[in-house]
Structure formats: C-alpha cells, structure tokens
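Protein chains in written order, with my numbering: chain C, 1 to 298; chain L, 1001 to 1600; chain E, 2001 to 2103; chain S, 3001 to 3178. Cβ coordinates follow ideal geometry from the N, Cα and C atoms, glycine included.
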Amino acid sequence: MTVAIVLLALLGSAWLLAVIEGWMTTGRLSPAAPLYSGLAHLGRESIVPRSPDRVFFEAAPVLLLVVAVLGMAVLPLAPDLIIADLGTGALFINAALAYVLVAVIMAGWGPDGAYAMIGGWRFLGQLIAYSMLIVMPITAVAMRAESLVNTAIVSSQAGLWNIVYQPLGFVLFFIAAMALAFRAPFDLPTAEGDLGGGVDAEYTGVRLAVLRLARLTLVVTLASATTVFYLGGWHGPLFPPWAWSLVKTLAVAVSMLLVGRYLPRIREADLMRWCWILGIPLALVNIIIVGLLILVVP
Amino acid sequence: MSSDLTINSTGARQKRPSLLQKLVSRALARNLSCLIVPGPEVALAHGLDIRAAGLRISTTPRDASVLMIVGDISEKMCDAVAVLYAQMPRPRAILLVGGQTPSTLPGADISSGLSQDQLTEAVGRLERAFADGAFVDSPEEFDSSVLHARIEYVCPMHPEVVEDEPGSCPKCGMDLVAREAGESTPDHEHHHDHEHHRHEHEHYHDQEQQSHHDHEHHHDHQHHHDHKHQHGESDDHSEHEHSGHDHGEHDHSGHDHEEHDHGGHDHGASGFMSMIEVTKDLPRSADGLQMDWLEVPFGPVFPGLPGGLKLTLTLDGDGVTEGQATSLVGMATEGEGSEESQESEGSQESEEMDADTFIEHLASAIPLAPVSYRLLACLAIEQAAGLSDDQATTQARNSALERERIASHLGWLAQSGRQLGFAWLTQRASTLQLKVRDAGRDRIAELEPELRTLGTRLERTPLLKSRLKGIGVLPVDSSDLRGPVARAAEDGGDAWARLWQRLDEIAASLELLKSGEEPELPVLRDIGNASGTGKATVDTPRGEARLSLKLEHGKVKSYKLDTACSHHIDLVPKLVEGQELGDALLAVGSLDLSPWEVIS
Amino acid sequence: MTVVLIVALLTGAILFGIGVYGALSQTNLVMIMMGVEVMLAGAMVNLVAFWRFLHPEAYSGQMFVLVVMTVMALEMAVGFGVAIARFRAKGSVEMEEAEDLKG
Amino acid sequence: MYAQAFFVAVFGLAAIGFGVVVFRTSSMVRSALALLFSQTAVGCMFLAMQTEFLGVLQIMMMATEMSIMAIFMVMFMMDPGGLGGMDMSHQKRFSIGAGVSAAVVAIAVALLSDWGPVAEQVPDAEAQTRALGMELLGRSMMIFETAGITILTAMIAATAVAIPVKNLASKDNKEASE
C-alpha cells in the first residue's frame, strides 16, 4: 500500500514536471501533453545504433529509473509513509545516487557514438564537483539529527528547519543536486549546443521515453531529498504531513527546472574549479559550523 | 502534395493490428517535433514562427518526427538531409517550406509556402497525415545512394588483398574483413579507422548508419574494437578479425596463446603485440599522454551551429586539437551554365542575367541577410548604370539595412542562446526578431524598450560573463576582420566583447532608425539599357560586403562578390585549436558565421 | 546459522581465488589492480561473515572492513598515479613491457 | 535463516559470476563495470548479513571507484586492450593454479574448521551504526585517523606522481642514458 502511494506520488510529480517542462519549451500549459508524448514515444520506432554495446545501451535508461525510484524509497512523505525506513537511510541515498553516474556512463558508452561517449565521460569528469557536495552537506544534516535514519532527520527539524540551521549546506546541496540530475545549467552530459544531445542523443522511442521519465523521476527524488534534509520534510501547519511533503518537493523540483531556463550552461572547467576551490571548503566549513552549533546550543 | 494525407511509405511504420494504434496515431499527431534544415535561424529569418505554428523544435534527428526543409538547399546539403531523414525514427514525414524536394529524398509529404499562415495550415495537414497515415501496411525501406558506401573485403594481415566478395585470404587463409571502400588504407601511420564495425550492417534497422547528424562515422579506436570483440566472443575465428588494425607495421603473426604461457618474457620474439609499439605513433595530448584522437563532425545541422556550417573537430577527449569549418550552403557556383571561379576571392562568371533576376538571385542565396545583399546589388547596378544617388531612396534603404541589422543580431542572440542552453534568451530574442523583421518605424519605436532591456538582462545574468569572457580571443595578427568582429577586436576580441558589440550595434541602429526614414525594401531604379561597371560596398550585419559587376545592356555579365564571412571562416582553425569543446563551439558561434555568405 | 556462515566463507574463498588468478595472469597494470580489488572483496566478505556470525559484539570487526575499504581506495589512487606516470613515460602500462622494473 | 542463506548465496553467486566476467570479457569498460557489479553484489551480501552500514557504504564507494577504473581502462589500454589478437594475460597455468589452490585452501579451512556457536541475533542497523561510530571514535580512533592521514598522503603522492614532469628536456636525457 505504502509502496503504491509513494510510487503514485512519484509518478504524479514527474507528470507535473513534464507539464511544466512542456510549458517551458512550447509556451502552452497542457496537462495532457506528457500523456500524448509518452504515447507518441511508444508509437515511434526505437532505433538501435549500428554497433552498440547492447547490454549497456538497453540497461542504462532502466538503471537510471531504478536508481531514482530506489532513492525515493528511503525518503519519507509522512512519518509512516515511507517504503523502507532504513537505519542508514541518509547514506543509502548517496549510494543510490552514485549509480546515476554509472547509468550515464553506460548510456554514453552503449550507443557507440562520439557525442554520447564524450557526454558520458564528461559526467564522470565532473564527479568530484557534485558527488562531494552531495555527501558532505548530508553529513552535516546527519550530525544534527544524530542519526542516519531519514525519519529521524525530519523529526530533528521539528523546531527549526535545516535551511535556517545550515543555509550554506542547503545552497551547496541544491546546486549539487541540480548537477547530479544534469539539469540546465549543469546539463553538460546532454548539452545540446555542444554535443547535440550527448548521452540522450542516440535514444529513440520507448527507450527515450524511459530515459525521459527516469530523468524527471530523478529530479523529483532529489527534490524530495532536499525537502527531507533541509525543508523540514512533512512539518508544516494545517495540512496533513504528506501534503506538505509533496508541496515542498514540487516547489523544489519546479525551481530546479526554472533556474536552468534563465542561465547559460556552465563551463565544465569553471564548475570543477568552483567546486574544488569554493564548494568543498564551504562544505567543510558548514560541517564545522554545525558541529559547533550542536556543541554550543543544547 | 498528397491529397489523401498520409505519410509516404518510407516514413511510415509497419501497421500492426492493435487497438492502441489509433490512439497512438493521435498522440503522434499531437506531438510533432521538427528538425529544421538548414536550421532554426533560417526559419526565423524568413519570419516563420515554428512554435506558434504548433510544432516543437527538436535539436536532434533522433527526437524528431518531421523533417522541415526551409527554402532551397544546396546539393551538398541534400546528402546531409538524406542522412538526417534516415536517422529519424519512424513514423516520420517531410515538410517542405518554400523549396524544392531534395533529390536524395522521397517526395515531400506536405509542402507549404514561405509564410506563417501557409505554415500553420500545413502543420494542420501534417497532423491529419500523422493521425491517419502514420501506420501503413507495407512501409518501404528508405534507400538513398548517399547512405551506402561500397563494401570491400580486405585481409587483416595482407593489406594488398582487397576483394569484392567475402571469403578467405588467398595468402594466409584468414577470413576477410569488411570495410567501406575508400576508407583508411592500412599504411597510414595512425588515424581513426572506421572500418571495423561495418559488417554489422545487417543486424539492425536501416537507420543506424551515421554517428549523428552526418554521414561520416567517427568512432575512436578502442570504442568499436571493443564492441566488435563483444560480437565476436562466440566464435573463435573472429579472433583473427580483430588483429587487423591498420598498425600495419606491427607484427600480428603469432596469436598462438601457448607461446605466452610460460611467463612470456621473451616478448620480442613471440607474438606479443607491444603497447609501446601501438602508442608510440599516437599523438600526444597537451598533458603529455598518448591518446587516441577522435575526428568528429559537427554539423551541417547541429543545434549549436548555424545550419549549413560543418565543423570538423579533432577531439582529444573533451579538448579540440584541431578543427576546420566548411560551408555546405555557401554561394557556390550553382546552376547558371559555365561558371569558373577566377580567383579565390569568389568571383562568378555566370551567363548573362537580367538585373532584377540577379538581385533576386543574390538576395535569395543569402537568407540570413537578404536586404543587405539586395541593397548591395542595387547599388552596384545603379552605379554601373551611372545613376546618381537619390537622397530619399538612400535613406529609406539605409533604414531597411539598419532594421535588418537589428533583426540579424537578434537572430544571432537566439542562436547563441541555443548554443549556451540559455532557453530564455533564445525565446526572447527570436520573438523580438520576428517582431522587428518587418516592423515599421513606429513599431520599432514601440519595441525599443524591450530591445534595450534585453541588454540589461544579459548584463545581469549570472554565469554568462564567466562563460564568454576570454573565449574565442582572436589571434593578434588576424587580418581581414570586418563588421562586429572587427569592431569588437579592440575591446578584448573575445566572445563577451562580440556580444556587447552586437548589443551596442542594436542600440545604435535603433537611434539611426529613429532619425531616419521609414524603412523600405531596396528596389532597383530604372536602369534602362545601360552598360558599364559598378562597384558597391555595404556594411551588412556581419561585416562589409563588396560587389563589383559588369553590366551590359541592362544585363549582369559578370560579378565578383567579397563577403565578411568568407574571411571569418578562415579564423576557425586558430580559434578552436587547444580549446575545450564547449569553448571551441562558442568561439565559432561568436563569429556569427553565415555559411550562406561564404564564397567557395 | 552455520550454513550462512559457510556459504559466505565459500563465496569469499572463491572470490579470493578469482582475484589471485586475475592479479597474476593479467599483463595490464589496471587489470592487475582489478584482481587485487576482487581479492580484497573476498577478504571483506569473510570479515563481515566473521563479525556477523562469530563476534557481533566486537565492532573492531566492522572497523577492519572499513580499513579494507580504505585500502582499496588507496590502492586505486596510488595505482592510477603510478599508471599515469608510467604511461606518460613509456606509453604503456603493460607489465610485459616493464623491463626496467625487473631486478 | 533459510531466507538469509538464500540471499547470501544468490548475491554470492552474482559476485562470483561478475568477478569471472571481469577477466573473461575483452571490453575494458565491461571489465570495469563487471567489477563494479561484483562489488555491488558483495555489498548486497553485507546487507543480507545484516551489516547495513558497511553494505551501503560498499555499494556507494564502489560505484564511483569503479567508474573511475573504467575511464582509466579506456585510457591506458587503448586499442589493443586484449583485442587484435593480443593476449592480455600471461603465465596462465601458473595463475590458474595459484588461484585454484588459494581458493581450495580457503574453502578447506572454511569447511573443516569448527566455527563453534554462531550468533543468532545482531543489533539492528541503527544500533550498529551507533556502536560502530563509538568504536571508530573510541578504541579504534587511532586506526581511523591513521587511515584518514594515509588517504590524504596517498592522494597527494598520487597526484604528485601523475602530474606531468615540467622539465621535459632533462627527463628525456635521463631516458636516453638508461
């Protein structure tokens, strides 16, 4: 039951994001568009490139989808609305998200095309940039909650949300989450202007539909993680907990989508440099600040 | 134009009895995305608003269901278009907007004229065609000669053995390996051999030829070798096939595994293929590692570049080691009898052409700046005819030129937005371009605030400066710079400076328009039956263009055109060398090359 | 419960064997490192099994696994450092060609 | 218990299967990713053996580690990479012998030893994580810190070794004199 509800919420959010994405590209707000788009993808031919690494080519979109769903499975929508409240939930998120990289590399290698391959390796090249900035802010969050359990992390924010308690961590995590979901302006592996679609470039038909769904789901999962870690999860007045979770998640997800619209794509070298020179030290500072706060404030 | 509104059978998909089929067809019709050839900027320059017409613009053929061809396209582009069509997933359709069906394609499904109304109406027909005819009983293979390369069979060990049929080598008995004729010959030092994946042709659909957007396959060594081995794992003798790299000088003779079994220390004598041998000939990257380089085509229909421009980059990972740009749509010596270019400058000796025809010809050959070239032709002819300037006409003409300058720069901004993944800029600039394109003086005055805010917004956009600053710095000794590129050269000469130069020019043109006459398309004044020679120079949006021509009895005998882009395109190799891929493309983009104005 | 322990130990043993084979038979430095990683994985399986089934109260067992993971990461870092340096100098990371490393 | 045995066995088989693929396939990327999935299966074994923290950590670390492995594989093995008739392995018989004997010895020890009483229950994941943390920052702090310092040293050393030698001329001379 819980599984069904969470999956439904995930799918619903993905649908909403697809509507918004459609609005951004076509200028029309059409609720049925994702449905038609999905059907149209089913109707299109699903081309296999000439000499693919078949295993990787087929597995990549599915792996991406599975990873996003697995990540969602350990995030609570409400105190008891969680598929698996793992004892190491906060770490599990990291583990699941690490496989986004694997999926992208597989999608890049699989089709045997230059653009896709460069895109895949690019994403790997950016690894330090985003993965450290996912892990280290979560560390600070877990420090405050004194637990890796995601429900405990939300409970720890009952009085004060983490976005206020550790705003630095929130900013870093939000940026890193966008980079991990490779949304604009961090869409380096799929850059259209540079790579003509990159890792997406060779997928068509059903496979493309799965890939698109997976990417939207990934955004939802990351937004949900942001909500759980920084926006107080289900906490909020009046409305039932699940509603708060959903609203916050969607707000974060939509803002992730919108930000990219108003920014040019970042230079890879800049992203790397800023993450090393600025991001990682700031993440460490964040950990220290949180540590001090925990010690000083009872 | 098909009356029954179905998709032609090379584009439709096999019909399968299914209840869903009807629904899927409807969905397909509601979800049309088009790949625009030569490029969205051409459609914009023609004043077509694709989005308003109800089509989604797709950047890759893999994601497109409609191939939209705007205007007439050159011979070379026809080949590229056929490849793009082949790459699109079925069901797919061809939409011709104001042009002829390219020879390499099956007939157009829908054609329309070059106007927004006609386009909208054509899209409606297209939707019906998809709803009714996306699935047919017997789809045909799309087959065009450009998709085929002759396959020949070579012995991996003996490069001199080349056969037309598969079989075994007469010298050593090894199985022959298929490769594309005319491809790499085995005695090159090192290059990117493309042949190793060719014999998998029959395994998949008819589409899979090309690495994306172009019909040349450029995979790097390890990549497809790798795959090939995967395919070969099941049968033993495929082992032999793999030995045939074109490192011809290496010793492949002893594949006998037994020899290695005892430690293999005597590798000099055994069949051990040395990695040192393999890597010693490879080029060294900037970081000193010997890596395989990859030659990748970008274009002629590439989302980040103006359509018709083909950039061939040699990539070392994500870095560009060298690059070259060619134009596939340039003012080539098309049609018109026996032309020979006399000089590299691009002169054309065509058959006699009526003066008006000549003007039309020139204007339609350059869709990105038709007014400028129309003006240029008019001026040159009038001078040849000995007509003196007429104040009012000149002012109106100049206003039209300034208006086109604004529109053209907006088009460039939209194109930059596409390249930078900056959706807002693309949308804003193209909307404005459509409005400015044929606006009167009052309308432009109304649009002025919007145009000016564009600059302010760009100034305030985070990341934009760090993205553009220091990109595409022109070499100090570059000569023959013209137009915005030349004017920005004093200002640092990078992409950022060029962006601001163009924004400033938009502002300056606005001022000129405000004080000038109502813009009016240049029309040739009556020249009668005059003869003579004329020369004119017009500062087109991309830089000065010069035209000299010879007029005989009111007909253009010969002419010589010199454009800015023909010079700018030569800057490309220097600009991209040693840059990261994204930066290199941005540098090329910042030149605002119009492949149409490149004289080949 | 002993069954589970035995199953885990067998897996560890076989993984270790595969790792030994890989590390000894491969000629490429990177592949050799892969062999070592497989060996370490085998060892880790054993360690976890021992902790879980024999001494769940002693967390130094888990600690040990953490140290092994660290060693794996170290091995990668140093291994690739050396590999890049050798590749830069010699154009190869094949052990067959590492004549200069022979004593 | 049977469920546990089943899952441990299944993931164990997966780990072994992928482990074999690592040295059997000739595709470098496949090799690296097979190793990744082998390590992931090992991580899943940890999970099946109720060692959640280590399992998740293993799964997480290996994803990045092996992806990096993959790109190095592609870099260094270039085109031959076991292809082109080039055999990438040497001393095969010896290696097989060594591998088999190592495995056999370990199996024999596993089967023949008396492992004594086996713990039925372990604390739940949360308690384990807490206890492990206490262990890390208590009795084993020295080891933990040493490991941290060692990683840092290794990172610096590896970077130092890997960055290009600035003075190419003198290096070439050295090479020539060798």
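Around the C-beta of L/D1246, are 16 or more other C-beta atoms found within 10 angstroms, so that it is buried, or is it exposed? Since pLDDT at L/D1246 reaches only 31, below the 50 mark, its modelled position is unreliable, and no value is offered.
Under 7 Å between beta-carbons, which chain C residues line up against L/E1140? List them in chain order, please. Going along chain C, no residue has its Cβ under 7 Å from L/E1140, so there is no contact; the nearest lies around 14 Å.
At what residues does the beta strand (DSSP E) containing L/K1550 begin and finish? Membership of L/K1550 in the beta strand (DSSP E) is indicated by the continuous run G1543 to E1552.
Just the C-alpha distance for L/L1368 and L/T1540, rounded to the nearest angstrom, thanks. In this model, L/L1368 and L/T1540 are separated by some 10 Å (Cα to Cα).
Considering only C-alpha positions, which residue in the set C/A116, C/L216 and C/I294 is nearest to C/V19? Residue C/L216 is the option with its Cα nearest to C/V19.
From the beta carbon of C/N94, is the nearest beta carbon of chain S less than 8 Å away? Taking Cβ atoms only, chain S reaches closer than 8 Å to C/N94, which makes this a yes.
Using a Cβ-Cβ cutoff of 8 Å, what residues of the region 3007-3036 of chain S are near chain C? List them in chain order. Using a CB distance below 8 Å, the part of the region 3007-3036 of chain S facing chain C consists of S3027, V3029, R3030, L3033 and L3036, ordered along the chain.
Short check: CB of C/A78 to CB of C/S245, under 8 Å? Contact annotation: C/A78 and C/S245 have beta-carbon atoms nearer than 8 Å.
Neighbour list for S/A3162 in chain E, Cβ cutoff strictly below 9 Å: Residues of chain E passing the Cβ test: F2080, G2081, V2082, A2083, I2084, A2085 and R2088.
Cross-chain neighbours of S/I3096 in chain E, by beta carbon under 8 Å: Against chain E, a Cβ distance below 8 Å from S/I3096 picks out Y2021 and S2025.
Hey, which unbroken runs of the alpha helix (DSSP H) at 4 residues or more fall wholly within the region 3072-3154 of chain S? Segments of the alpha helix (DSSP H) lying fully in the region 3072-3154 of chain S: 3092-3112 and 3125-3137.
Measuring alpha carbon to alpha carbon, tell me which of C/G233, C/L97, C/F186 and C/D85 ends up nearest C/V154. If we check each option's Cα against that of C/V154, C/G233 comes out closest.
What does DSSP give as the partner residue(s) for E/N2028 in the beta ladder? Residue pairing for E/N2028: DSSP places it in a beta bridge opposite E/E2094.
Starting from E/Y2059, follow the beta strand (DSSP E) in both directions and report where the run begins and ends. Counting along the chain, E/Y2059 falls outside any beta strand (DSSP E), and DSSP gives it neither H nor E.
Report all residues from its chain with a CB closer than 6 Å to the CB of S/L3047; omit the five preceding and five following residues, and keep chain order. Excluding the 5 residues flanking it on each side, S/L3047 has same chain C-beta neighbours closer than 6 Å at G3055, in chain order.
Count Cβ pairs between the region 2064-2075 of chain E and the region 2034-2045 of chain E that sit closer than 8 Å; are there 3 or more? Counting Cβ pairs under 8 Å, three or more are found: they touch.
In the structure shown, what three-state DSSP assignment does S/F3011 receive? Of the three classes helix, strand and coil, the one that applies to S/F3011 here is helix, per DSSP.
Just verifying my parser: in three-state terms, what is the DSSP assignment at L/S1112? Strand.
Can you confirm whether S/L3083, when its beta carbon is compared against all beta carbons of chain E, has any partner nearer than 8 Å? Bear in mind that a pLDDT of 44 at S/L3083, under 50, signals an unreliable position, so the model cannot answer this.
With DSSP as the reference, label L/Q1118 as helix, strand or coil. Reduced to three states, the DSSP call for L/Q1118 is helix.
Alpha carbon to alpha carbon, how far is C/V48 from L/P1061? Give it in angstroms, no decimals. Their backbone Cα atoms lie some 14 Å apart in a straight line.
Beta carbon of C/I134, beta carbon of C/A177: below 8 Å? Yes, the Cβ-Cβ distance between C/I134 and C/A177 is below 8 Å.
Contacts that S/T3040 makes with chain E (C-beta to C-beta distance below 7 Å): The contacting residues do not exist; S/T3040 stays about 10 Å from chain E at best.
Jot down the residue ranges of each uninterrupted alpha helix (DSSP H) in the region 144-223 of chain C, minimum 4 residues, whole runs only, in chain order. Segments of the alpha helix (DSSP H) lying fully in the region 144-223 of chain C: 150-155, 162-165, 167-180 and 192-195.
Determine, using beta carbons only, whether S/T3150 comes closer than 8 Å to chain C. Residue-level contact check: S/T3150 does not touch chain C, since none of the beta carbons of chain C fall below 8 Å from its beta carbon.
Whose C-alpha, out of L/S1033, L/A1027 and L/H1046, is nearest the C-alpha of L/I1366? Of the listed residues, the one whose Cα sits closest to L/I1366 is L/H1046.
Starting from L/K1535, follow the beta strand (DSSP E) in both directions and report where the run begins and ends. Taken as a continuous stretch (DSSP letters only), the beta strand (DSSP E) holding L/K1535 covers G1532 to T1540.
Can the beta-carbon of L/L1432 be found closer than 8 Å to that of L/E1450? With contacts defined as CB atoms closer than 8 Å, L/L1432 and L/E1450 qualify as a contacting pair.
Do L/A1380 and L/K1535 have their CB atoms nearer than 8 Å? Closer than 8 Å, so yes.
State the start and end residues of the unbroken alpha helix (DSSP H) segment that holds L/E1360. L/E1360 -> alpha helix (DSSP H) spans A1355 to A1365.
Thinking just about the alpha-carbon of each residue, which of L/M1331, L/L1305 and L/G1317 is nearest to the one in L/A1325? The shortest Cα separation from L/A1325 among L/M1331, L/L1305 and L/G1317 belongs to L/L1305.
Identified DSSP bridge partners for L/R1013: Bridge partners of L/R1013: L/F1135.
Is L/D1063 helix, strand or coil when you go by DSSP? Helix at L/D1063.
Would you give the residue range spanned by the alpha helix (DSSP H) that C/C275 belongs to? Looking at the DSSP string, C/C275 is not in any alpha helix (DSSP H), and its letter there is neither H nor E.
Would L/L1425 pass as a contact of L/G1417 if the rule is Cβ separation under 8 Å? Yes, these two residues count as a Cβ contact at 8 Å.
Just the chain E side, please: which residues come within less than 8 Å of S/S3067 by C-beta, in chain order? Those within 8 Å of S/S3067 in chain E number zero; the least Cβ separation is about 11 Å.
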